[in-house]
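Undergrad:
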Amino acid sequence: MKLATWNVNSIKVRLPQLLEWLSASRPDVLCLQELKAEETKFPRSDLEAAGYACAVSGQKTYNGVAILSRGPLADVVAGVPGFPDEQRRVIAATVQGVRAVCVYCPNGQAVGSDKYDYKLRWFAALREYLAAELKKHPRLAVAGDFNVAPEDRDVHDPKAWEGQVHVSEPERAAWRALLALGLKDSFRLFEQPEKVYSWWDYRMMGFRRNAGLRIDHILLSHELAQDCISSGVDKAPRKLERPSDHAPVVAALRAEP
DNA sequence: ATGGCTACGATCCGTAGA
Numbered sequence: 026m027k028l029a030t031w032n033v034n035s036i037k038v039r040l041p042q043l044l045e046w047l048s049a050s051r052p053d054v055l056c057l058q059e060l061k062a063e064e065t066k067f068p069r070s071d072l073e074a075a076g077y078a079c080a081v082s083g084q085k086t087y088n089g090v091a092i093l094s095r096g097p098l099a100d101v102v103a104g105v106p107g108f109p110d111e112q113r114r115v116i117a118a119t120v121q122g123v124r125a126v127c128v129y130c131p132n133g134q135a136v137g138s139d140k141y142d143y144k145l146r147w148f149a150a151l152r153e154y155l156a157a158e159l160k161k162h163p164r165l166a167v168a169g170d171f172n173v174a175p176e177d178r179d180v181h182d183p184k185a186w187e188g189q190v191h192v193s194e195p196e197r198a199a200w201r202a203l204l205a206l207g208l209k210d211s212f213r214l215f216e217q218p219e220k221v222y223s224w225w226d227y228r229m230m231g232f233r234r235n236a237g238l239r240i241d242h243i244l245l246s247h248e249l250a251q252d253c254i255s256s257g258v259d260k261a262p263r264k265l266e267r268p269s270d271h272a273p274v275v276a277a278l279r280a281e282p
């Protein structure tokens, strides 16, 4: 099974690239973030025609998440139960025995801001949710835009970013608290080249300079991590005209015995 | 030097992203 996540930064603008990427990469499950569209504007029929079932939690202008799947989607749950939030950032579904949780974690804007506080509270709620999900679903994958670069090697210029939002110690502690549940960063299960990132600033020719952050991740439960045979970032879509600022991240699982 | 793009929804600028 091929799992993937991609922050598309507007489903409307990126639909042609998304269809092209689905056709070329053939993921079994794709988690999407930053749809920036309500459900009614979600291009469901185009994606179904491409062979994908869709579970969508949309919102006008901001946020919005979806799970696309080549197999049937079951037990769809939007949001974090017990954490009321108008921002559409989470959707979960079961596909072929895998519980997939798609997350668009808050940006946090600046350390110490209200949005930063919200980010940390949001991560605490996510942790509680995932702890409960893990008990119910030993085959759990959490994929999305976490807006946290876990370590300095995930940052193009750690000195410049030191203490900033996305790398601050409380954010990294929130990330490690997710790993402490028993989740593995699929990317780090394998030897990887240096300076692999998943997001590059549109400004200052960020992509050309590879001035990026690795903030999009696929976390796997112990059981799924054992079946994971590869993981990486697909930079190809970031090279296209009018790209998303994020690239897709992929993890491949060995077929179940 | 704190900017620099991009998308959106509102107008032709403000908000947000990261």
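Numbering (our numbering), first residue to last: 26 to 282.
Every residue, glycine too, gets a C-beta built ideally from N, C-alpha and C.
Computed from a predicted model, the values in this text were never measured in an experiment.
Count the other CB atoms, across all protein chains shown, that sit within 10 Å of the CB of Arg-113; report buried if there are 16 or more and exposed otherwise.
TA: Sequence index remark: in the first sequence, residue 113 carries index 88 (1-based). Per the 10 Å Cβ criterion, buried.
Undergrad: Determine whether the beta carbon atoms of Gly-237 and Tyr-222 lie at a separation below 8 Å.
TA: Your numbering for residue 237 matches position 212 in the first sequence. Your numbering for residue 222 matches position 197 in the first sequence. Cβ distance < 8 Å, so Gly-237 and Tyr-222 count as in contact.
Undergrad: Would Leu-155 pass as a contact of Val-167 if the rule is Cβ separation under 8 Å?
TA: By 1-based counting over the first sequence, the position of residue 155 is 130. By 1-based counting over the first sequence, the position of residue 167 is 142. A contact, by the Cβ cut-off of 8 Å.
Undergrad: Taking just the CA atoms, how far does Leu-43 sit from Ile-36?
TA: The residue you call residue 36 lines up with position 11 of the first sequence. The residue you call residue 43 lines up with position 18 of the first sequence. Taking the straight line joining both Cα atoms gives about 8 Å.
Undergrad: Can you give me the C-alpha to C-alpha distance between Trp-31 and Pro-68, rounded to a whole angstrom?
TA: Stepping through the first sequence from its first residue, residue 31 is reached at position 6. Stepping through the first sequence from its first residue, residue 68 is reached at position 43. Distance from the CA of Trp-31 to the CA of Pro-68, rounded to the nearest whole angstrom, comes to 16 Å.
Undergrad: Look at the Cβ atom of Ala-78, then the Cβ atom of Pro-106, and state whether they are nearer than 8 Å.
TA: As a first step, residue 78 must be located in the first sequence, where it is residue number 53. As a first step, residue 106 must be located in the first sequence, where it is residue number 81. For Ala-78 and Pro-106, no; Cβs fall outside 8 Å.
Undergrad: Buried or exposed: which applies to Glu-196, given that a residue is buried once 16 or more other Cβ atoms fall within 10 Å of its Cβ?
TA: Numbered from 1 along the first sequence, position 171 holds the residue referred to as residue 196. Burial state of Glu-196 is buried, judged by a 10 Å Cβ sphere holding 16 or more other Cβ atoms.
Undergrad: Would a C-beta distance cut-off of 8 Å place Phe-108 and Ala-150 closer than the cut-off?
TA: Position 83 of the first sequence, counting from 1, holds the residue named residue 108. Position 125 of the first sequence, counting from 1, holds the residue named residue 150. Contact: yes.
Undergrad: Let's test the definition: count the other Cβ atoms within 10 Å of the Cβ of Lys-144 and tell me whether it reaches 16, buried, or not, exposed.
TA: Position 119 of the first sequence, counting from 1, holds the residue named residue 144. Classification for Lys-144: buried.
Undergrad: For Thr-65 and Arg-239, I'd like the C-alpha separation in whole angstroms.
TA: Working through the first sequence from its first residue, we reach residue 65 at position 40. Working through the first sequence from its first residue, we reach residue 239 at position 214. In a straight line, the C-alpha of Thr-65 is about 32 Å away from that of Arg-239.
Undergrad: DSSP three-state label for Lys-260, please.
TA: Indexing the first sequence from 1 puts residue 260 at position 235. Coil, per DSSP.
Undergrad: Looking only at C-alpha atoms, which of Pro-218, Glu-266 and Tyr-141 sits nearest to Val-258?
TA: For the purposes of this step, residue 258 is identified with residue 233 of the first sequence, where counting begins at 1. It is Pro-218 whose Cα lies nearest to the Cα of Val-258.
Undergrad: Between the alpha carbons of Tyr-87 and Arg-39, how many angstroms are there, rounded?
TA: On the first sequence, position 62 is the one that residue 87 refers to. On the first sequence, position 14 is the one that residue 39 refers to. Their backbone Cα atoms lie some 15 Å apart in a straight line.
Undergrad: When we look at the beta-carbon of Ser-193 and count the other beta-carbons within 10 Å, is it buried (16 or more) or exposed?
TA: Translated into the one-based positions of the first sequence, residue 193 becomes position 168. With 16 or more other Cβ atoms within 10 Å, it is buried.
Undergrad: Do Trp-225 and Phe-215 have their C-beta atoms closer together than 8 Å?
TA: In the first sequence, the residue the question calls residue 225 occupies position 200. In the first sequence, the residue the question calls residue 215 occupies position 190. No, Cβ-Cβ distance for Trp-225 and Phe-215 is not below 8 Å.
Undergrad: Who pairs with Asp-210 in a beta bridge, going by DSSP?
TA: As a position in the first sequence, residue 210 is number 185, starting the count at 1. Beta-bridge pairing links Asp-210 to Leu-244.
Undergrad: Under 8 Å, do Arg-164 and Leu-249 count as touching if we go by C-beta distance?
TA: By one-based count along the first sequence, residue 164 stands at place 139. By one-based count along the first sequence, residue 249 stands at place 224. Yes, Cβ-Cβ distance for Arg-164 and Leu-249 is below 8 Å.
Undergrad: With distances taken Cα to Cα, identify the nearest neighbour of Leu-208 among Arg-51, Asp-110, Asp-170 and Arg-152.
TA: As a working mapping, residue 208 is identified with position 183 in the first sequence. Of Arg-51, Asp-110, Asp-170 and Arg-152, the residue nearest in Cα terms is Arg-152.
Undergrad: What residues are listed by DSSP as bridge partners for Ser-82?
TA: What you label residue 82 is simply residue 57 of the first sequence in a count that begins at 1. Bridge partners of Ser-82 according to DSSP: Val-90.
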